[in-house]
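These notes concern the structure reproduced below.
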Amino acid sequence: MIVLKSAREIEQMKEAGKILASVHKQLVKMIKPGVTTWEIEEFVESYLKKNGATPQQKGYRGYKYATCASVNDEICHGFPRKQALKTGDIVTIDMVVNYQGALADSAWSYGVGQISDSAEELLDVTKKALYIGIQQAQIGNRIGDIGHAIQTYVEGEGFSVVRDFIGHGIGTAIHEKPDVPHYGLPGKGPRIKEGMVFTIEPMVNVGTYRIKMDNNAWTARTEDGKLSAQYEHTIAITKSGPMILTDQDEI
Ligand code: MF3
Ligand code: CO
Numbered sequence: 248m249i250v251l252k253s254a255r256e257i258e259q260m261k262e263a264g265k266i267l268a269s270v271h272k273q274l275v276k277m278i279k280p281g282v283t284t285w286e287i288e289e290f291v292e293s294y295l296k297k298n299g300a301t302p303q304q305k306g307y308r309g310y311k312y313a314t315c316a317s318v319n320d321e322i323c324h325g326f327p328r329k330q331a332l333k334t335g336d337i338v339t340i341d342m343v344v345n346y347q348g349a350l351a352d353s354a355w356s357y358g359v360g361q362i363s364d365s366a367e368e369l370l371d372v373t374k375k376a377l378y379i380g381i382q383q384a385q386i387g388n389r390i391g392d393i394g395h396a397i398q399t400y401v402e403g404e405g406f407s408v409v410r411d412f413i414g415h416g417i418g419t420a421i422h423e424k425p426d427v428p429h430y431g432l433p434g435k436g437p438r439i440k441e442g443m444v445f446t447i448e449p450m451v452n453v454g455t456y457r458i459k460m461d462n463n464a465w466t467a468r469t470e471d472g473k474l475s476a477q478y479e480h481t482i483a484i485t486k487s488g489p490m491i492l493t494d495q496d497e498i
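Heads up, the sequence shown is in our numbering, so the first residue is 248 and it goes up one at a time.
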């Protein structure tokens with residue numbers, strides 16, 4: 248069942264989204280060679296606390312941290328670690344913010360110091376794929392239109408789209424209906440309606456889309472060891488189009 252949100256509920260989620268967006272804006276300055284993802288984790292936790300918010304991922308299905316920090320070939324659900332990031336790395340920081348019971352979810356990939364041209368291209372294509380997907384999140388379209396647009400663009404640029412992890416509805420729980428794959432066929436899936444709130448979060452790989460799981464049962468990485476990136480926004484469907492609840496340009 249897809250729970251539609253009222254304008255008031257969407258406003259509350261937008262408050263959570265604003266806090267999340269301001270975290271990402273600060274991470275741009277913080278992520279440099281030498282910083283550890285553990286320091287990022289601690290910064291995020293204390294920043295959320297200072298702003299009256301809590302990290303929803305901590306304790307979710309036994310996950311222990313406020314953030315996921317996925318470096319280089321790690322696709323998602325990397326654990327924060329005390330190992331320094333080095334120049335040329337890319338890192339995706341993903342988190343869910345709870346502000347007065349309303350949730351927002353956003354992941355962003357960052358280059359550490361000087362990165363290679365091909366890593367830069369991966370980041371550009373992945374971010375553009377997110378916005379191409381958002382463009383399809385219009386009343387009357389179907390969920391499959393989003394994934395189709397993303398897959399067509401990403402594969403056209405010579406990259407691949409991860410299949411094993413997808414976007415999702417979100418509200419008072421992290422994962423609600425609908426499922427939002429970043430691949431698929433146009434005209435398929437549920438019809439998009441006013442009041443739906445879901446994430447679009449393409450994970451894009453340089454090589455194969457296939458994944459392998461670490462022994463920690465959480466972290467997914469690319470099967471071929473090549474780089475992976477991800478950008479994620481939480482989107483509300485409104486009469487005037489998709490509204491980005493985690494927009495970093497508005498704050
Ligand atoms: N933020 C993630 C998403 O985009 C959810 C993380 S699951 C957790 O779907 F267990 F790591 F918290
Ligand atoms: Co997320």
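For glycine and all other residues, C-beta sits at the position ideal for the given N, C-alpha and C.
Out of the options, state which residue places its alpha-carbon closest to the alpha-carbon of residue i.
i           : options               : result
residue 413 : 449, 368, 423 and 249 : 449
residue 378 : 364, 400 and 360      : 400
residue 312 : 280, 484, 465 and 256 : 465
residue 307 : 463, 282, 259 and 421 : 421
residue 408 : 386, 447 and 387      : 447
residue 280 : 330, 431 and 484      : 330
residue 299 : 316, 346, 282 and 354 : 346
residue 411 : 326, 285, 260 and 459 : 459
residue 432 : 439, 352, 395 and 402 : 395
residue 397 : 375, 275 and 462      : 375
residue 364 : 427, 402, 474 and 483 : 474
residue 478 : 402, 352 and 309      : 352
residue 461 : 310, 255, 309 and 324 : 324
residue 571 : 310, 402, 255 and 332 : Lying before the first or after the last residue shown, residue 571 is absent from the chain, which here runs from 248 to 498.
residue 254 : 403, 309, 402 and 418 : 418
Enumerate in chain order the residues of its own chain whose CB-to-CB distance from residue i is below 8 Å, with the five nearest sequence positions on each side excluded.
i           : result
residue 425 : 249, 390, 415, 416, 436, 437, 443 and 445
residue 498 : 265, 268, 269 and 272
residue 494 : 264, 268 and 480
residue 295 : 266, 270, 301, 302, 313 and 344
residue 463 : 326
residue 387 : 438 and 439
residue 430 : 394, 395, 397, 398, 408 and 410
residue 434 : 389, 391 and 392
residue 257 : 442, 444, 483, 485, 490 and 492
residue 457 : 469, 470 and 471
Grab me the residues of residue i's own chain with a C-beta within less than 7 Å of its C-beta, minus the 5 sequence neighbours each way, in chain order.
i           : result
residue 476 : 337, 339, 356, 369, 370, 373 and 451
residue 472 : 320
residue 277 : 287 and 290
residue 292 : 302 and 313
residue 327 : 284, 285, 287, 288, 312, 314 and 316
residue 259 : 347 and 349
residue 488 : 385
residue 406 : 369, 372, 451, 452 and 453
residue 383 : 392, 393 and 396
residue 366 : 337, 358 and 474
Using 8 Å for Cβ pairs, my map puts residue i next to residue j. What's the rounded Cβ distance?
i           : j           : result
residue 381 : residue 480 : 7 Å
residue 344 : residue 263 : 5 Å
residue 304 : residue 334 : Not really, about 28 Å apart at Cβ, beyond 8 Å.
residue 322 : residue 455 : The Cβ separation is near 11 Å, so there is no contact.
residue 485 : residue 441 : 6 Å
residue 483 : residue 252 : 7 Å
I'd like to confirm the pairing. Which residues does DSSP put opposite residue i in its beta bridges?
i           : result
residue 447 : 480
residue 459 : 468
residue 356 : 339
residue 485 : 488
residue 350 : 345
residue 331 : 283
residue 475 : 452
Is any heavy atom of the ligand SAH found at a distance shorter than 7 Å from the C-beta of residue i?
i           : result
residue 452 : Summarising the ligand content, the structure contains the ligand MF3 and the ligand CO and does not contain the ligand SAH.
Quick one: does residue i have its CB under 8 Å from some CB of chain C?
i           : result
residue 354 : Of the protein chains in this structure there is only one, and it is not chain C.
Leaving out five residues before and five after residue i in sequence, what residues of the same chain have Cβ atoms less than 6 Å from its Cβ?
i           : result
residue 261 : 492
residue 275 : none
residue 341 : 315 and 354
Exercise for review: At 4 residues or longer, and completely inside the stretch 364-437: list those alpha helix (DSSP H) runs for me, N to C.
Suggested key: Taken in chain order, the whole alpha helix (DSSP H) runs of length 4 or more contained in the stretch 364-437 are 364-382 and 390-403.
Review point. Can you list the alpha helix (DSSP H) stretches of 4 or more residues lying completely in the stretch 256-329, in chain order?
Key: The qualifying runs are 284-297.
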